[in-house]
Every structure is written in C-alpha cells, then in structure tokens.
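In my numbering, the protein residues as written are 7 to 549.
Just so it is clear, CB atoms sit at the ideal spot from N, CA and C, and this is done for glycine as well.
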Ligand SMILES: Cc1cc2nc3c(=O)[nH]c(=O)nc-3n(C[C@H](O)[C@H](O)[C@H](O)COP(=O)(O)OP(=O)(O)OC[C@H]3O[C@@H](n4cnc5c(N)ncnc54)[C@H](O)[C@@H]3O)c2cc1C
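Here it is, written out as structure tokens:
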C-alpha cells in the first residue's frame, strides 16, 4: 500500500502549479465550505494552493475521512473521466484557496500536457484502489450469493467498475437491512443506492439509479462503435486519439469476453500476463482520455441508412444515434450445453466466464469446467486457485488437440485438476443453486454423479449478429463477411472494392470475434480494432 499511496497522492511541482494556474480561476474558501458533496456530477478539477481540502465518504452510513489534500495536491478520481457522480465529499479545512479548472479544460490538460496527464491518471486509479481497500462499501446489494439475478447485477457492477458490497439476504445484517428498507425476500435482489431502494431492478434501472445512464444528443458522430470488448476499445483509443468524434455503445459495459478472463498470457507487452478486466479498464480510461464517449448498459437494436449517407442506430432505450460510419464489434457468446434442468441454474451454478465473482461460488467445493479450448484451460487453471478441486470434462481423448501446448502441459501436471476424457455432462440438480451434476462416459455409457457448486461451460461461440439488417452479409454460421469475402456479392454495388474490414453495407465495418474467418483471440481483436480506424478514415475521406 506504501507505493500506491505515493502514486495516489503526489504533489505538483512549481512548474506544474504554474501550468495549472494559467488555465484556472482562483477560488477562496472558508473552513467547512463544501467544494462538492457526494453524488455531484461534473465537479471541476481542484488544485489546493493554500489551506487544505478534506475528502470523506459515508457509504457505510457513518462519515469517514478518506484523506486530506494539502497545498500542491489535487482533488479527483476516475469519475473525472467517466463523468459519473462523485463517490466522496470535498470540504475546505481552514482558510483555503484552490485553483479551479472546468471539465473541458481539464480534458485538454489530459491530452495536451503528457507529464501531468500521466501523473493524474495513475493517481486516479490508485485512489480508487485505496478507497476500496479502506472499506468503502459503495452501493449495497442485498441478495442470495450465487443466485442468477444477483450474479447478473454483480457482473454489471464489475464491468462498469461500480464499487459495491453484497450482503447475504439470509444473514442477520441482510434480514435487518431488508426490514429497514421495507422489502422482503420475494423482491431480491434489493439495491440501496444514493438514498433509493430498487427492488429486483433490471440493469437499465440500476444504471439510472447509479446516475450512470446518459442522454445521447443529436450529434452526428464520425464513428459509432457497437461493443466495448477489446476490438471496440482498441478502435475507440486509436480513433479518438486521431481526432474522430466517437460514441461507444455496449449492452453491459466495457470489457467484453476479455473482461471475463482471469489472466491473458498471450498478449504482447505483458510477459507475466494481465487480468482481462484490468486490460479493459486501461483501454477504457485511455479512450476516455482522448475524448471518446461511452454509454452502457445499452444494446443496439438495428442500423439503417439515413439521407445524405448517414447511418441511424436504434438503441434499446428508445434513443437513437446518428453516425457517418459504424464499427460492429459485438463479439460472440459461448454456446450453451443441452442439459436437463439447465435453464434453472443459468447464472446460479452454470457460468460462461470464470472471474473472481464466479470463483467465490465454488470456494471449498468442486468446480467443473467443460470444453477443450484455451478458454476452458485458462478457466480450469484460474479456478484451481480457488476451488477445492477442478474437473475438466472433455468429449475427446486428447487434451492438446485444440488447446495451446503450454496450457495443456500445465493442466496435465496440476495437482488440483483432473481431466475426465470421453465424458459429457447430462443433468444438473440442486435447489436455489447448483448442487450436483451427472456425467456420462461416452465410450462405456456409464454414468456417475458428482457434487459440484459451479459448472463452467466453454464449448464454442455464437456471434452477436441477430440485430443486423439483411444488407450486412453474414456467413452460414452468422459471422459478418468483410472485404474480399464480398467479391462477386450482389449486395456490394459500389465501383470500388470494400476496405478489408468493410461489410456489404458501405461505411459499416466489422472487427474482432464477430467477423468471419478471424482467430478468436484478444490480440487479434485489438489489432483489428485499430485496422478498422484506417478503413473509417478512408471511407470518411470519400464522403
Ligand atoms: C473466459 C475467457 C478467457 C479468454 N482468454 C483469452 C486469452 O487468454 N487470450 C486470448 O487471446 N483470448 C482470450 N479469450 C478470447 C478473447 O477474450 C476474445 O477473442 C476477445 O474478447 C474478442 O474481442 P471482441 O471485442 O471481438 O468481442 P467481445 O470481447 O466478445 O466483446 C463484444 C462486446 O459487444 C457487446 N455487445 C454485443 N452485442 C451488442 C449490441 N447489440 N449492442 C451493444 N453491445 C453489444 C458485448 O456486451 C461485449 O462487451 C478469452 C475469452 C473468454 C470468454
């Protein structure tokens, strides 16, 4: 914590103070004056010249001191970039003078003053970690751990970096909080946020309660990116850094599948691997720094052509967005197994990603992973650190057939992982959550039962393309065709060839896992996201 504290609370040099002063107005405050209370949006960037600013928070119901900024220090955290409401309250201590910089000028500093930008971004991220480490409870979710709707909400919080705490509805605290807030067990999960009580809300209601939904104006964006996985985030970073006006829309929040990956080891530049959510968060902040706008949880329902070559996107919220070009980066979802009772345990014992959230469900019990690819292998390795034991269920008799050699060797040598060859899961049973599965041996036909709290399924992917119009050509598996795949296609009517990532609808590109013929890997998605921007530039220059 020592190092991170140093990063979190640096002091500006004299030169940096002068730079700030040249962009700021000076504000004088008396002891006890509030610079901004909790839940304030769009608060300015403050640098303390004289006196002090105290930061406090009251998420647990009691006000606690977080830190005190003295002369030369600055106020703010990542919400200065995400434009979300403040989690803390800032109060002047003693006679205080602060330099005040409005958000628009603050964004200019981030882009135009690299030395300050680096310091601020690192400090903001470190401050958030310290806040959480100090017991910041965030919004409180009362629910049944492992239950599908509770897990879904936690995934949303996790991807959107919303600090939260889960209170077991069956615990004493849970029962008391439910009663205090006039709720009962039929209304779970219950969310306590910003003084409101939301009973069994959907994620759009949750986003609204947290104050993170946003209005989309009538602006015509240069590019609307649909999907904020690695491909969409990479396109947002490259495009925004090159001056394109960009809106990114995601139906859950930034990260995509990579956000569900416990450790990505094959991405250039990360020799010891990187947690997928951490990678996504870095890309997200980088894109925000360059001015890309994000909205989530919002699904795009359709695209159509408007007049003057513009494209219109209809969003699930009833809003619309206008664009000169669009990038489809909607990725894939892992396929489901046809299991007896399967539906009952989706999200409450059956999972398609393995992060800290799911791992908590199988602590001290058996986790079963189905699949023979790299995703299944990584999940098994990760879960072996949390569960009592891990069983990897494989239909074939060869683990290394479709898994990278390094992973296959690690799994075979891992003392807590057992590979069950020629096997399939047929049935799942339990009560509120999963308790047991039935396996069949595909060669001998014998069956056996296994106690299991969590079943992880990684058996191939289905592209998210059902929302696309017929004018976007798909292959026979539903993946988007682009570039040379459209040669001779009657949908392509222009006398120029499509750009490498352009679909049969001119100005609409596709990148990452959703595109036909791609290798389903993070590095490829990131590369394609940046390549898509060169197609966008070429397309826009022709308009
Ligand atoms: C558990 C797991 C582990 C993995 N580990 C590795 C690894 O170690 N190394 C590696 O190279 N690869 C790994 N992968 C694969 C890698 O994560 C993917 O190849 C990569 O995420 C693909 O990126 P993408 O941006 O194309 O799509 P995705 O990551 O699938 O992102 C698509 C995004 O689009 C959004 N979306 C979908 N439809 C809509 C809509 N209609 N409107 C708005 N938004 C929408 C989704 O919410 C999602 O956020 C792993 C995958 C998983 C699931």
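If distances are taken between C-alpha atoms only, which option among 296, 236 and 351 comes closest to residue 264? Position 258 of the chain shown, counted from the first residue, corresponds to residue 264. Selected option, being the one with the closest Cα: 236.
Let me make sure I understand the geometry here. Which of 383, 127, 484 and 439 has the alpha-carbon closest to that of residue 5? Absent from the model: residue 5. The displayed extent of the chain is 7 to 549, so no value can be given.
Could you check if residue 140 is buried or exposed, using at least 16 other CB atoms within 10 Å of its CB as the buried criterion? Residue 140 sits at position 134 when you count from the first residue of the chain shown. Residue 140 should be labelled exposed.
Grab me the residues of residue 65's own chain with a C-beta within less than 7 Å of its C-beta, minus the 5 sequence neighbours each way, in chain order. Position 59 of the chain shown holds residue 65. Excluding residues within five positions, the ones whose Cβ falls inside 7 Å are 142, 143 and 144.
Anticipated Cβ contact below 8 Å, residue 57 with residue 98, distance rounded: Within the chain shown, numbered from 1, the residue matching residue 57 stands at position 51. Within the chain shown, numbered from 1, the residue matching residue 98 stands at position 92. Yes, residue 57 and residue 98 are in contact; Cβ-Cβ is about 6 Å, under 8 Å.
Which value, in whole angstroms, describes the spacing of the CA atoms of residue 456 and residue 315? The residue you call residue 456 lines up with position 450 of the chain shown. The residue you call residue 315 lines up with position 309 of the chain shown. Going by the C-alpha atoms only, they are around 58 Å apart.
Can you give me the Cβ contacts of residue 8 inside the same chain, cut-off strictly under 8 Å, excluding the 5 residues immediately before and after it? Against the chain shown, residue 8 aligns to sequence position 2. For residue 8, the predicted structure reports a pLDDT of 48, less than 50, and the residue's modelled location is therefore unreliable. A value from the coordinates is still provided. Closer than 8 Å at the Cβ level, and outside the excluded window around residue 8, lies no residue.
With DSSP collapsed to three states, give me the class of residue 406. Taking the first residue of the chain shown as 1, we reach residue 406 at position 400. Residue state, collapsed to three classes: coil.
CA nearest to the CA of residue 110, picked from 101, 121, 531 and 89: Along the chain shown, one-based indexing puts residue 110 at 104. The shortest Cα separation from residue 110 among 101, 121, 531 and 89 belongs to 89.
Consider the C-beta atom of residue 164 and the heavy atoms of ligand 1; say whether any pair is separated by less than 7 Å. Numbered from its first residue, the chain shown carries residue 164 at position 158. No, the Cβ of residue 164 stays beyond 7 Å of every heavy atom of ligand 1.
Should residue 375 be listed as close to ligand 3, given that the test is whether its C-beta is under 7 Å from any heavy atom? As for ligand 3, it is missing from this structure, which binds only ligand 1.
How far does the beta strand (DSSP E) with residue 329 in it reach, from first residue to last? Here residue 329 corresponds to residue number 323 of the chain shown, with the count starting at 1. Element bounds for residue 329: 326-329.
Could you tell me if residue 100 is buried or exposed, where buried requires 16 or more neighbouring beta carbons within 10 angstroms of its beta carbon? Position 94 of the chain shown holds residue 100. Exposed, since its Cβ has fewer than 16 Cβ neighbours within 10 Å.
Under 8 Å by Cβ, that's how I've got residue 291 and residue 532 pegged, so tell me the actual separation to the nearest angstrom. On the chain shown, position 285 is the one that residue 291 refers to. On the chain shown, position 526 is the one that residue 532 refers to. Residue 291 to residue 532, Cβ: 16 Å. No contact.
Proximity winner among 150, 36 and 328, relative to residue 196 (alpha-carbon distances): Here residue 196 refers to the residue found at position 190 of the chain shown. Checked all of 150, 36 and 328; the closest Cα to residue 196 is 150.
Spatial neighbours of residue 40 within its chain, please: CB distance less than 6 Å, with the 5 preceding and 5 following residues excluded, ordered by chain position. To locate residue 40, count along the chain shown from 1; it is residue 34. Excluding residues within five positions, the ones whose Cβ falls inside 6 Å are 97.
Taking C-alpha atoms, which residue in 446, 199, 321 and 534 lies nearest to residue 212? Translated into the one-based positions of the chain shown, residue 212 becomes position 206. Comparing Cα-Cα distances from residue 212 to each of 446, 199, 321 and 534, the minimum goes to 199.
Going by DSSP in three states, residue 105 sits in which element: helix, strand or coil? Counting from one through the chain shown, the residue named residue 105 turns up at place 99. DSSP places residue 105 in strand when its eight states are reduced to three.
Between residue 482 and the rest of its own chain, which residues show a CB-CB distance below 6 Å, the 5 nearest in sequence each way excluded? Residue numbering aside, residue 482 sits at position 476 when the chain shown is read from its first letter. There are no such residues.
Quick one: residues in its chain with C-beta nearer than 7 Å to the C-beta of residue 492, no 5 flanking neighbours on either side, listed in chain order? Residue 492 sits at position 486 when you count from the first residue of the chain shown. Within the same chain, residue 492 has close Cβ partners 479, 498, 504 and 510.
With distances taken between CB atoms, is the gap from residue 338 to residue 309 smaller than 8 Å? Along the chain shown, read from residue 1 onward, the residue named residue 338 stands at position 332. Along the chain shown, read from residue 1 onward, the residue named residue 309 stands at position 303. No, they are not a contact pair.
What number of angstroms, rounded off, separates the C-alpha of residue 452 from the C-alpha of residue 138? The residue you call residue 452 lines up with position 446 of the chain shown. The residue you call residue 138 lines up with position 132 of the chain shown. Approximately 49 Å, taken between the alpha carbons.
Are the Cβ atoms of residue 341 and residue 258 separated by less than 8 Å? For the purposes of this step, residue 341 is taken as the residue at position 335 of the chain shown. For the purposes of this step, residue 258 is taken as the residue at position 252 of the chain shown. Contact flag unset, no.
Terminal residues of the alpha helix (DSSP H) in which residue 561 lies: Because residue 561 is not part of the residues shown, which for the chain are 7 to 549, the question remains open.
Measuring CB atoms only, is the segment 293-306 touching the segment 224-244, in the sense that at least three cross pairs come out at less than 8 Å? With a cut-off of 8 Å, the segment 224-244 and the segment 293-306 count as touching, because enough Cβ pairs lie within range.
Is the Cβ-Cβ distance between residue 17 and residue 92 less than 8 Å? Translated into the one-based positions of the chain shown, residue 17 becomes position 11. Translated into the one-based positions of the chain shown, residue 92 becomes position 86. For residue 17 and residue 92, no; Cβs fall outside 8 Å.
Below 8 Å between beta carbons: does that hold for residue 513 and residue 250? For the purposes of this step, residue 513 is taken as the residue at position 507 of the chain shown. For the purposes of this step, residue 250 is taken as the residue at position 244 of the chain shown. No; because the gap between Cβ atoms is not below 8 Å, this pair is not in contact.
Would you list the residues sitting across from residue 468 in a DSSP beta bridge? As a position in the chain shown, residue 468 is number 462, starting the count at 1. DSSP output for residue 468 lists 339 as bridge partner(s).
Taking three-plus beta-carbon pairs below 8 Å as touching, is the segment 157-172 in contact with the segment 46-53? no
Checking the sheet assignment: what are the DSSP bridge partners for residue 436? Counting from one through the chain shown, the residue named residue 436 turns up at place 430. BP columns for residue 436 point to 440.
Taking the alpha-carbon of residue 470 as reference, which of 252, 11, 247 and 262 has the nearest alpha-carbon? One-based indexing of the chain shown puts residue 470 at position 464. The option with the nearest alpha carbon to residue 470 is 262.
Rounding to the nearest angstrom, what Cα-Cα distance links residue 23 and residue 54 in this structure? Along the chain shown, read from residue 1 onward, the residue named residue 23 stands at position 17. Along the chain shown, read from residue 1 onward, the residue named residue 54 stands at position 48. Cα-Cα distance, rounded: 10 Å.
Please work out which residues of its chain come closer than 8 Å, Cβ to Cβ, to residue 42, disregarding the five sequence neighbours upstream and downstream, and give them in chain order. Position 36 of the chain shown, counted from the start, is the residue given in the question as residue 42. Here the set comprises 49, 92, 95 and 96.
Could you check whether the segment 384-391 touches the segment 363-375, counting it as contact only if at least three pairs of C-beta atoms, one from each stretch, sit closer than 8 Å? yes
Taking residue 442 as the reference, give the member of 427, 468, 37 and 460 with the closest Cα. On the chain shown, position 436 is the one that residue 442 refers to. Closest by alpha carbon: 460.
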